[in-house]
Amino acid sequence: MDPASEIVMSGPFDASGKTGSTEVNEATLLEDFLSIPSIEKAWTSSSWRGDDGFDVIVEMSQVNLSANARRTFMSTVFIPHMKSGIITNCRWAPFPFELCGASLVVPSPSGERLLIVRNNDAKTVASQAKLEIWGQGQLLKEMHVPASVHGSVYSDEWFQGVSWSENEDYIAYVAEEPAKPKPVFGQNFVSSNQSDTEILGAGTWEGQGDWMEDWGETYTGKRRPVIFVANVESGAVQTVEGIPKDVSAGQVVWAPRTPSSHLAEKGTQALVFVGWSSFSSNFSTPRKLGMVYCQNKPCYLYAVEAPVPERQRSISAPSAVKLTEGITSALFPRFSPNGQLLVFLSCQAAVNSGVHTATNSLHSIKWPAHRVFSMPMQIKDVVKVVQRANKDGFPGLYCADLIANPWVADSSTLLLSSVWRSQEVILAVDVESGDVIRVSPANSLSSWKLLGLQSSSLLAVASSPNEPDNLMLGSQAETKKNWTWINISVPSLKLTERVNKSLKDMFYKIIQIPVPPAESNNTLTEGARQPFEVIFVSRMNSYIKKGYRGRENGAQNSLPPLLVILHGGPHSIAQPSFSKPAAFLSALGFSLLHVNYRGSIGFGEEALQSLPGNIGRQDVGDVLAALNLVVKNGLADPNKVSVMGGSHGGFLASHLLGQAPDKFRTGILRSPVCNLASNVGSSDIPDWCYVEAFGKEGLTSYSEAPSADDLRVLYQCSPIAHVFKVRVPTLFILGAQDRRVPAIPNGLQYAQALRARGLEAKVIVVPDQHSLERPQTQFEGYLNIGLWLKRFK
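In structure tokens:
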């Protein structure tokens with residue numbers, strides 16, 4: 002291969018302004034794709050119009066490239082009750098409105114009030130958070146919370162928890178604890194009483210104080226999450242007392258109101274929250290291991306007295322009560338409408354094995370009528386971990402969260418989103434019997450996500466590789482087992498002609514891949530011998546329309562180039578959902594092969610647990626088996642294949658470049674793990690290195706000071722061990738702020754090793770974190786990826 006001259010650009014265009022028409026055209030196309038809005042959330046409430054329907058608030062987002070941010074905007078739609086399964090008069094508001102500077106938006110249960118949280122991340126301001134309470138037509142209350150009370154309100158998808166009380170008089174939420182005073186030096190004195198808002202005297206300066214440990218990637222500089230309660234009427238904000246100092250609190254909800262409690266005297270109210278200890282007990286380390294994307298942290302449900310003014314304080318200070326002592330993980334607590342059950346998700350399979358994501362389980366606790374807790378609480382298994390699934394059978398729960406109100410009209414049916422093999426689907430769970438029913442259409446190849454519920458109607462967002470987000474309405478039939486679905490079309494969604502044509506021409510298919518014969522032996526569990534899946538995406542050209550007989554018809558040379566795309570994790574999933582960057586690459590003329598190798602979620606616990614201890618071998622074999630099958634079936638030309646992956650997908654892609662150097666024309670590595678021996682000492686999740694490299698032994702052999710033997714094993718299963726066999730040019734996209742897979746001991750080291758052998762390695766380092774998701778990062782990264790792929794196709 003004789004590579005052409007390297008593309009010289011630090012951004013998408015040459016700084017001199019001399020840009021070719023190809024670059025301009027591709028940049029315009031990418032911007033058109035990235036500008037397509039996404040549906041993020043939706044809330045339902047009874048309509049002020051009467052009983053003939055309900056109102057929906059829809060939150061959407063759209064990139065703002067020049068500001069390197071995402072615009073969040075909201076719209077409302079009135080949905081009348083269906084007559085004969087048909088909606089005839091669905092009415093959207095004329096225009097959406099943008100939510101400028103809003104960190105969180107949470108409607109009250111009645112829909113009559115709206116909380117907007119605005120964080121101010123400047124560390125020297127008197128207030129770092131503002132709470133706004135809006136009514137129908139006016140601002141009812143504005144609360145500037147002093148920095149001495151708390152810092153920014155948590156708005157992430159993990160610790161974040163905002164809960165309105167039943168009567169909507171109070172709001173419980175999670176925010177950073179106040180900053181500790183920093184020492185002041187100078188003028189012959191030392192003081193530790195300096196507050197953030199005081200002005201330093203002449204000749205003095207502020208020191209740094211003690212190092213503060215945080216929860217790693219995406220939480221840099223974030224202080225411990227603590228629960229607060231705001232009085233909607235008075236505007237007073239109080240700290241929830243009784244939470245241990247070594248516990249980070251989140252996902253708070255109000256417990257059902259009862260006349261008395263052993264927590265305190267009459268008239269009190271209680272909160273239930275999730276608590277994570279600062280110490281990782283399953284890995285026997287005192288440090289905070291990285292939290293984001295990691296479900297393997299032990300956590301428990303607690304109940305604590307809420308600081309409401311009308312309470313009669315108990316003689317002793319309130320103290321949080323641990324409710325789930327008998328289980329190592331409890332998340333997303335939700336009370337049934339009748340207040341009799343507390344239901345929660347558990348990631349105990351991840352906690353007990355050490356892998357960062359595993360099969361979930363669902364549990365319940367009977368909530369005592371007077372909150373007199375009988376310890377230990379009896380925990381019922383509603384849905385257990387599924388070890389292996391029958392063909393097309395339920396593979397277990399794989400949930401990112403539960404919506405705030407997941408209940409159908411009764412108090413026994415809970416709805417949730419979960420991964421089922423390669424798709425995300427909506428499931429109904431009978432919390433009494435444990436029966437699980439698939440609610441989203443069984444014949445749909447799209448991915449579905451639950452947004453909200455109103456009585457026996459639900460709202461969902463559905464998308465596929467060739468179709469952006471659609472707002473879907475599901476209505477339960479009288480049998481309670483079947484659902485009728487209607488598309489609530491988002492008004493005025495305009496696509497450019499080129500984008501529209503590209504999506505219409507796109508074809509996709511989920512294909513099952515048999516386990517490679519060398520791997521299908523008696524040492525594997527039954528679940529690990531079952532087929533895995535790939536998602537093949539291509540333009541619907543004549544060779545596809547003729548039944549995939551390109552190879553037999555001698556038309557292999559006409560096949561488009563193939564890009565193999567590998568997800569990270571490794572315990573995550575590629576779904577047939579709409580991806581703007583992937584759609585852009587497809588529009589450039591590339592077929593895409595997303596490989597859900599064994600170890601991906603959605604296929605049962607045995608298949609998932611087969612990968613730890615075998616990374617760099619089993620996953621490599623699965624990808625090569627998938628590639629060989631699509632080539633054999635005439636879907637790809639073996640001489641026109643490239644590979645791309647991010648995080649563990651980058652680990653896998655770089656392994657493939659070294660272990661199968663003749664298979665690929667080029668490689669693209671996004672935030673790749675290239676050297677576990679160095680990553681174990683620099684990542685916020687060194688436990689990942691141990692568990693994935695050593696398997697079950699990694700949980701017990703984990704050490705903050707790895708031995709020479711451990712480092713040898715970590716190196717041997719790393720892509721860096723095969724770097725001398727790589728033969729093709731490689732593109733790197735790295736995040737300068739990445740704490741998960743720091744760039745210097747991973748991607749940059751690997752790139753320099755390639756350059757030392759005379760190979761071309763183009764490196765782009767962006768001011769971003771591990772996920773590389775900021776709008777300008779996506780734009781620059783995928784524009785360069787598109788141009789790079791076209792150069793080596």
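In our numbering, the protein residues as written are 2 to 794. Virtual Cβ for every residue (Gly too), placed ideally from N, Cα, C. Quick caveat: nothing in here was measured; it's all calculated off a predicted structure.
Rounded separation between residue i and residue j - CA only
i: MET75; j: ALA103; result: 12 angstroms
i: GLY646; j: LEU612; result: 17 angstroms
i: PRO518; j: LEU460; result: 44 angstroms
i: ASN640; j: ARG389; result: 37 angstroms
i: ASP431; j: SER458; result: 17 angstroms
i: ARG71; j: VAL64; result: 4 angstroms
i: GLU242; j: VAL175; result: 13 angstroms
i: GLY635; j: LYS505; result: 22 angstroms
i: SER559; j: LEU302; result: 58 angstroms
i: ASP33; j: TRP789; result: 20 angstroms
i: ARG795; j: GLU326; result: The structure shown does not extend to residue 795, since the chain spans only 2 to 794, so no value can be given for it.
i: PHE98; j: THR414; result: 35 angstroms
i: LYS633; j: LEU563; result: 14 angstroms
i: GLY276; j: GLY251; result: 7 angstroms
i: LYS794; j: GLY570; result: 28 angstroms
i: GLU607; j: ASN232; result: 49 angstroms
Beta-bridge pairing of residue i - partner residues as DSSP gives them
i: PHE533; result: ILE514
i: SER441; result: According to DSSP, SER441 bridges with nothing at all.
i: VAL230; result: ALA173 and GLN239
i: GLN477; result: TRP484
i: VAL305; result: LEU272
i: ALA461; result: LEU451 and MET473
i: ASN361; result: LEU398
i: PHE733; result: LEU670 and VAL764
i: VAL78; result: VAL57 and TRP93
i: ALA744; result: ALA744 pairs with nothing; no bridge assigned.
i: PRO662; result: BP columns for PRO662 are empty, so no partner.
Whole-Å CB distance - residue i paired with residue j, under 8 angstroms assumed
i: SER448; j: GLU425; result: 4 angstroms
i: GLY136; j: ARG119; result: That pair is no contact at about 18 angstroms.
i: PHE604; j: ARG775; result: So it is not a contact: roughly 32 angstroms between Cβ atoms.
i: PRO184; j: GLY210; result: 6 angstroms
i: ARG540; j: PHE508; result: 7 angstroms
i: VAL764; j: LEU735; result: 7 angstroms
i: TRP165; j: SER128; result: So it is not a contact: roughly 22 angstroms between Cβ atoms.
i: THR731; j: GLY651; result: So it is not a contact: roughly 10 angstroms between Cβ atoms.
i: VAL352; j: SER330; result: 5 angstroms
Three-way DSSP call (helix, strand, coil) for residue i in this model
i: HIS649; result: helix
i: PRO598; result: At residue 598 the sequence reads Tyr, which differs from the Pro that was named. Residue state, collapsed to three classes: coil.
i: ARG671; result: strand
i: SER543; result: Its pLDDT being 40, under 50, SER543 is placed unreliably in this model, and the coordinates cannot settle the point.
i: VAL692; result: helix
i: GLY782; result: helix
i: PRO396; result: coil
i: TRP165; result: strand
i: GLN341; result: coil
i: HIS145; result: strand
i: ARG775; result: coil
i: TRP789; result: helix
i: GLU32; result: helix
i: ILE117; result: strand
i: THR325; result: coil
i: LYS794; result: coil
i: THR497; result: coil
Short Cβ contact (7 angstroms threshold) for residue i with residue j
i: LYS385; j: SER362; result: yes
i: PRO720; j: GLY659; result: yes
i: LEU609; j: ALA401; result: no
i: LYS289; j: GLU177; result: no
i: HIS514; j: ALA626; result: The question names His, but residue 514 in the sequence shown is Ile. Against a cut-off of 7 angstroms, the Cβ pair of ALA626 and ILE514 comes out as a contact.
i: ALA321; j: VAL230; result: no
i: SER419; j: LYS450; result: no
i: GLY228; j: VAL248; result: As written in the sequence, residue 228 is Ile, which differs from the Gly given in the question. No, Cβ-Cβ distance for ILE228 and VAL248 is not below 7 angstroms.
i: VAL59; j: THR45; result: no
i: VAL565; j: VAL644; result: yes
i: LEU712; j: ALA678; result: yes
i: GLY699; j: GLY355; result: yes
i: GLY340; j: PRO257; result: yes
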